[in-house]
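Residue numbers (this note's numbering): 700 to 952. Backbone N, C-alpha and C fix where the C-beta goes; we use that ideal spot for every residue, glycine too. Heads up: the structure comes next, in structure tokens.
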């Protein structure tokens, strides 16, 4: 019973309590870049979730075999293998989505959420727990993307699910996007641009922090290098080469 409860917690923590985007502040780059439409947000979220789950499972299976000194390169090889498979499938069956995601699809290889879960969790825990951790974090990442994309696309483009047919056609389902009266001809264009992405991200994070405060949980904070899941094993943290140390030196100067 305790094992089932623990496994359930590993899955649910990534949804809200430790949401990788809104609580751990990870994966910000793909979040801002691919949340301009719900279609691209769903595509990126699903792709990242597949890679998260598969890489977590394989790394957990090999955790006692991979030597500690080369674990990071080994993790990257495993992650890159699954990213390559996902990218080839997307190119073959969803070329429009591949074009929309652009370079951010192959860059899943270095997504700090995926590498962070490999280092912080999968490399130290059982296969079932690692599977659920990856699934929960992936769904949490997709949820955050969809919340931001809903705001940005509806107000910034006056549409919802534009291009969704490119996703559903793979399953033989015809679907069409929705045009929002009043906004489709007079959209707030800045919201689908880079500044709008930062604005929406800040507002959504503020809302997440407010909800967290109401439940007695700490706010999500940007901590530079220290916020990275790899911080404990990164050699730069204890040297003068890290961004945090450089910032401190500049402040003193």
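Cβ-Cβ separation, residue j to residue i (assumed contact under 8 Å), whole Å
i	j	result
residue 866	residue 796	7 Å
residue 835	residue 712	6 Å
residue 841	residue 744	3 Å
residue 826	residue 760	6 Å
residue 832	residue 709	5 Å
residue 856	residue 802	Going by Cβ atoms, the distance from residue 856 to residue 802 rounds to 22 Å, so no, they are not a contact pair.
residue 747	residue 837	6 Å
residue 725	residue 812	5 Å
residue 735	residue 851	6 Å
residue 845	residue 721	About 12 Å; that fails the 8 Å criterion.
residue 822	residue 758	6 Å
residue 733	residue 843	Their Cβ separation, rounded to whole angstroms, is 11 Å, which puts residue 733 and residue 843 out of contact at 8 Å.
Classification of residue i by the beta-carbon crowding that lies within 10 angstroms, buried from 16 upward
i	result
residue 719	buried
residue 707	exposed
residue 738	buried
residue 884	exposed
residue 858	buried
residue 910	exposed
residue 705	exposed
residue 789	buried
residue 792	exposed
residue 728	exposed
residue 847	buried
residue 754	buried
residue 912	exposed
residue 820	buried
residue 956	Past the boundaries of the shown model lies residue 956; the chain is included only from 700 to 952, so the question cannot be answered.
residue 896	buried
residue 742	buried
residue 870	exposed
residue 776	exposed
residue 906	exposed
residue 863	buried
residue 798	exposed
Host alpha helix (DSSP H) of residue i (start-end)
i	result
residue 776	770 to 792
residue 814	811 to 816
Simplified DSSP state of residue i, which is helix, strand or coil
i	result
residue 720	coil
residue 825	coil
residue 915	coil
residue 713	coil
residue 661	There is simply no residue 661 to check, as the chain begins at 700 and stops at 952 in what is shown.
residue 923	Low confidence applies to residue 923: its pLDDT is 49, below 50, so where it sits in the model is not reliable enough to give any reading.
is_contact[residue i, chain B] using C-beta, thresh 8 Å
i	result
residue 797	Included in the structure is just one protein chain, with no chain B present.
Contiguous alpha helix (DSSP H) assignments of at least 4 residues, all confined to the stretch 852 to 903: Correct list: 864 to 867.
Inside the stretch 718 to 767 only - alpha helix (DSSP H) runs reaching at least 4 residues: Counting only runs of 4 or more residues that sit fully inside the stretch 718 to 767, the alpha helix (DSSP H) segments are 727 to 733, 737 to 760, in chain order.
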